[in-house]
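What follows is a set of notes on a single structure, which appears directly below.
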Amino acid sequence: MSVKYEKITCKSVLGKFGVLRTRFWTSYSFDPYEKCELNCVYCNMCAKGYGESQNHSVPVNVKLDAPQALAGELAWLKRKGVLRMGVWSDPYQPAEKKFRITKQILEILEEHEFPFAIGTKSDLILRDLDLLSEASRKFHCVVALSFSTLDEKLGKLLEPNAPSPKRRLEVVRRLSEAGITTGIWLAPIFPYWTDSEEEIGRTVEAAIENGANFVLGAVYDNRNPILFKKFLEEHFTQFAQEYERMYAKDRPCHYPDDEFYLHGLAKKFISQCQKKGVERFLPHFSTRKQAWLFYVRNFSKFEGSPFVGLTQLLNYLSPSQEILQTVRIRLGNHGTSKAFLKAFGYFPH
Ligand code: SF4
């Protein structure tokens with residue numbers, strides 16, 4: 053089915069997106085396109101944008117005037133932050149070939165030396181290799197390629213319109229060789245079929261071999277239960293009931309209702325990252341205790357300047373809102389939490 057595009061008005065790129073409200077610890081978040089053509093079966097955006105029917109005849113909305121809006125905002129902005137692109141849709145989905153909005157935004161960010169973080173599955177990002185490389189020489193920017201599996205067949209089932217996992221690894225290598233801080237997002241990790249120690253280890257190893265600087269992990273969150281149930285019944289009948297049991301309760305962010313499982317998964321992920329020599333990694337945190345323990349135990353691993361190292365990573369691409377929730381819950385209110393985070397350098401820019 054050919055995708056329809058519809059132009060929508062965009063008044064602001066650097067909208068109100070406080071650090072305390074984001075899962076990525078970035079100051080700003082923007083998606084040049086609404087809805088996503090890559091069409092992954094587990095996509096949160098499908099739940100949000102297409103509804104349960106996943107009716108892709110709904111057009112992809114294109115924010116054509118975003119670059120002008122950004123240029124106007126930057127002319128007045130007093131304090132820099134980090135702009136994250138690729139939260140609810142892929143900034144390098146096929147629409148970008150035609151409209152080049154992501155590229156125009158990056159050009160403006162580079163001109164202003166405004167830090168950014170990109171999350172994508174697409175090899176179209178290589179079109180902007182020179183731009184990203186040049187930006188990396190001058191200021192902080194980071195790219196994460198996301199992987200749910202290295203299995204080509206399974207990848208095709210889960211992410212029908214995305215480049216193959218093999219191709220994505222090539223992208224990691226090319227970006228990394230060009231001096232761009234590049235990592236992978238091992239997400240979503242699916243209970244029962246992609247969560248074995250061996251499978252996690254294989255992906256982590258492949259990422260490191262291809263020059264990844266960091267690895268982040270996150271378990272599957274079931275935000276699109278009806279659509280995903282259909283998928284399971286069609287392709288993985290044997291797991292359908294287990295998923296129903298595991299995701300029965302409507303937990304924050306729709307994570308599995310099984311602390312024992314989540315704890316085990318975090319342990320596997322950490323152990324594989326350590327075994328494969330990954331210096332910077334963040335597992336999926338599901339409890340406050342896990343997040344705190346990870347902090348305490350791992351500060352020293354972030355080369356010489358632990359706070360700064362960890363801070364940069366967290367600021368750009370933390371997979372977990374729980375850390376921030378932890379701080380917020382412990383300290384009681386947003387004002388105090390913000391002051392706490394500031395005191396520890398969580399707002400470096
Ligand atoms: S690439 Fe991301 S936003 Fe696009 S369909 Fe896949 S999961 Fe959704």
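Residue numbers for the sequence shown follow this note's numbering, so the first one is 53 and each next one is one higher.
All residues carry an ideal CB built from backbone N, CA and C; glycine is no exception.
- Membership of arginine 131 in any beta strand (DSSP E) is not indicated, and neither H nor E is assigned to it by DSSP.
- Cβ-Cβ distances below 8 Å link lysine 63 to Ala121 in the same chain, with the five nearest sequence neighbours on each side left out; the list follows chain order.
- Looking from the CA of glutamate 58, the closest CA among Leu66, Tyr80, Ala214, Asp117 belongs to Asp117.
- In the three-state reduction of the DSSP assignment, isoleucine 322 falls in the helix class.
- Leucine 90: not part of any beta strand (DSSP E); DSSP gives it neither H nor E.
- From the listed residues Gly67, Leu221, Val110, Ser81, the smallest Cα separation to cysteine 88 is found for Val110.
- Annotated as proximal: isoleucine 170 and glycine 138, with beta-carbon spacing under 7 Å.
- The residue among Ser248, Glu211, Gly67, Arg179 with its C-alpha nearest the C-alpha of arginine 152 is Arg179.
- With a contact defined as Cβ atoms closer than 8 Å, isoleucine 177 and proline 119 miss out at about 18 Å.
- Inclusion of alanine 230 and leucine 181 in the CB contact set at 7 Å is warranted, their separation being smaller than that value.
- Its Cα nearest to that of glutamate 249, the residue Ala318 stands out among Leu66, Thr61, Ala318.
- With respect to the 7 Å criterion, glycine 269 and leucine 238 are classified as neighbours on the basis of their beta carbons.
- Annotated three-state conformation of glutamate 165 is coil, per DSSP.
- Secondary structure note for tyrosine 80: its beta strand (DSSP E) is the uninterrupted segment 80-82.
- Straight-line measurement puts the Cα of tyrosine 299 at about 30 Å from the Cα of alanine 258.
- For glycine 253, the enclosing alpha helix (DSSP H) stretches over residues 249-261.
- Taking proline 146 as the centre and dropping the five residues before and after it, the same chain places the C-beta of Glu89 closer than 6 Å to its C-beta, in chain order.
- Between arginine 131 and serine 81, the C-beta spacing is not below 7 Å.
- For asparagine 113, the secondary structure class from DSSP, reduced to helix, strand or coil, is strand.
- Only residues of its own chain outside the window of five on either side were considered, and among them Ile232 have a CB closer than 6 Å to the CB of leucine 184, listed in chain order.
- Taking the Cα of serine 141 as reference, the smallest distance to any Cα among Gly235, Asp83, Ala196 is reached at Asp83.
- Remark: the C-beta of leucine 279 is outside contact range of the ligand SF4, defined as less than 6 Å to any heavy atom.
- Contact check for tyrosine 144 against proline 240 fails: the beta carbons are separated by 7 Å or more.
- Sequence-distant partners of lysine 281 (beyond 5 residues in either direction) whose C-beta falls short of 7 Å from its own C-beta, in its chain, are Ala292.
- Separation of the CB atoms of phenylalanine 288 and tryptophan 245 is rounded to 7 Å, and the pair is thereby assigned contact status at 8 Å.
- The Cβ-Cβ distance between glycine 235 and phenylalanine 266 falls below 7 Å.
- Excluding residues up to 5 positions away in sequence, Tyr57 lie with their Cβ nearer than 8 Å to the Cβ of lysine 150 in the same chain.
- DSSP places serine 198 within a strand segment (E or B) once states are collapsed to three.
- Look at lysine 59 here: in three-state DSSP terms it is strand.
- Put simply, the backbone Cα of cysteine 92 is about 21 Å away from that of valine 256.
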